[in-house]
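Q: Residue numbers (the working numbering): 602 to 932.
Encoded as structure tokens, here's the structure I'll be asking about.
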Ligand SMILES: [Zn+2]
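Written out as structure tokens, the structure reads:
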């Protein structure tokens, strides 16, 4: 594996490659983009290209993938490349102190000491402040690769001191290729790619994703058929569970998007193409206005959840909304 082989992130890889060609390294880079799209892989491959004893120059500056340095980084044994990330849910100040302690030593084998810090959106406030000190006065040999799936969670004081390397959501074609390279069979790879919306990190477990989608689909169908009691029973099971609530809203949004698509461009591919027949039936029972309203409402509820509103309250609103959707679409 080498930098140029990271799939679907041509822009980010070009930026990193230019840094290596020009040999003008900043002290800190912020790899920002959705979860599971290759930020961590790119950070490792960037370090490899930097430390490689016999870098290749054809097709961009890159690691040979064969020398001792490359092998050490691949196996997590290079003394000058340190990988860190959240423990539990957060990166605490003691993690940053460990990082600072490591940086206080000179590198062993290379002019640079690289720290790959994953999950920076989970820095606690004291940890953020400690990290800021390092970014303000980095040791000459420090190279910090900060990775985040939510750049907006980081203060400007941090982001403004890093060179931004933007990563984008992967296309289903890239996702499918990556999954197949990982040994997933073709059918499962195609299905997962279609469902995972551009990031392999979002749905590690396909069956779990499909189960949530099934619930969202059932809820929509029950609402359309005005079975209020069934909807509320389903809803009550999920209330209070933030992650499930988020996942359910996301799937409902995707289903509504597909239903709108069936009204305006019925021949285009759907997110949930495997449910096309069932969704077609539902689409006939819902007006396009009601669907667009529903999409707007779901987006608002997703925002409320993001603002840490009680999932139970959000969910109750969601259920009431589903009922209104059924009433407004009734012939
Ligand atoms: Zn090498």
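Where is the CB? At the ideal position from N, CA and C, for every residue including glycine.
Between residue 735 and residue 701, which are expected to be in contact by the criterion C-beta below 8 Å, what is the C-beta distance as a whole number of angstroms?
A: The Cβ separation is near 6 Å, so the contact holds.
Q: Quick one: grab the DSSP three-state call for residue 892.
A: Residue 892 falls in the helix class under three-state DSSP.
Q: Rounding to the nearest angstrom, what Cα-Cα distance links residue 651 and residue 666 in this structure?
A: Going by the C-alpha atoms only, they are around 12 Å apart.
Q: Alpha helix (DSSP H) containing residue 652: first to last residue?
A: Run containing residue 652: 640-652, per the alpha helix (DSSP H) assignment.
Q: Here's a check: name, in chain order, each residue in its chain whose Cβ is nearer than 8 Å to the Cβ of residue 710, leaving out the five neighbours to either side.
A: 652, 670, 679, 680, 681, listed in sequence order.
Q: CB of residue 681 to nearest heavy atom of ligand 1: below 8 Å?
A: No, ligand 1 has no heavy atom inside 8 Å of this Cβ.
Q: Distance check for residue 820 and residue 890, CA to CA, integer angstroms please.
A: Approximately 19 Å, taken between the alpha carbons.
Q: Any idea if residue 804 is buried or exposed, counting beta-carbon neighbours within 10 angstroms, 16 or more meaning buried?
A: The pLDDT assigned to residue 804 is 49, lower than 50, so where the model puts this residue is not dependable, and the model offers no usable value.
Q: Is there contact between the stretch 745-757 and the stretch 713-723, where contact requires at least three CB pairs shorter than 8 Å?
A: The stretch 745-757 vs the stretch 713-723: in contact.
Q: May I ask you to report which of helix, strand or coil DSSP gives residue 768?
A: Here residue 768 sits in coil by DSSP.
Q: Since residue 688 sits in a beta bridge, which residues does DSSP pair it with?
A: In DSSP, residue 688 forms a bridge with 691.
Q: Which of the three DSSP states is assigned to residue 714 in this structure?
A: Residue state, collapsed to three classes: strand.
Q: Classify residue 720: buried if its beta carbon has 16 or more other beta carbons within 10 angstroms, exposed otherwise.
A: By the 10 Å Cβ count, residue 720 comes out buried.
Q: Just checking my contact of residue 779 with residue 616 at CB under 8 Å: how many whole Å lie between their CB atoms?
A: That pair is no contact at about 21 Å.
Q: Quick one: is residue 823 buried, meaning 16 or more other Cβ sit within 10 Å of its Cβ, or exposed?
A: It counts as buried.
Q: For residue 649, verify whether its CB is less than 8 Å away from any heavy atom of ligand 1.
A: Yes, the beta carbon of residue 649 sits closer than 8 Å to at least one heavy atom of ligand 1.
Q: Go through its chain and collect everything with a Cβ distance to residue 851's Cβ below 7 Å, but skip five positions before and after it.
A: Same-chain partners within the cutoff: there are none.
Q: Quick one: residues in its chain with C-beta nearer than 7 Å to the C-beta of residue 690, no 5 flanking neighbours on either side, listed in chain order?
A: Correct list, in chain order: 723.
Q: Going along the chain, which unbroken runs of the alpha helix (DSSP H) with 4 or more residues stay wholly within the stretch 803-870?
A: Those alpha helix (DSSP H) runs which fall completely within the stretch 803-870 and span 4+ residues are 807-825, 829-839, 843-865.
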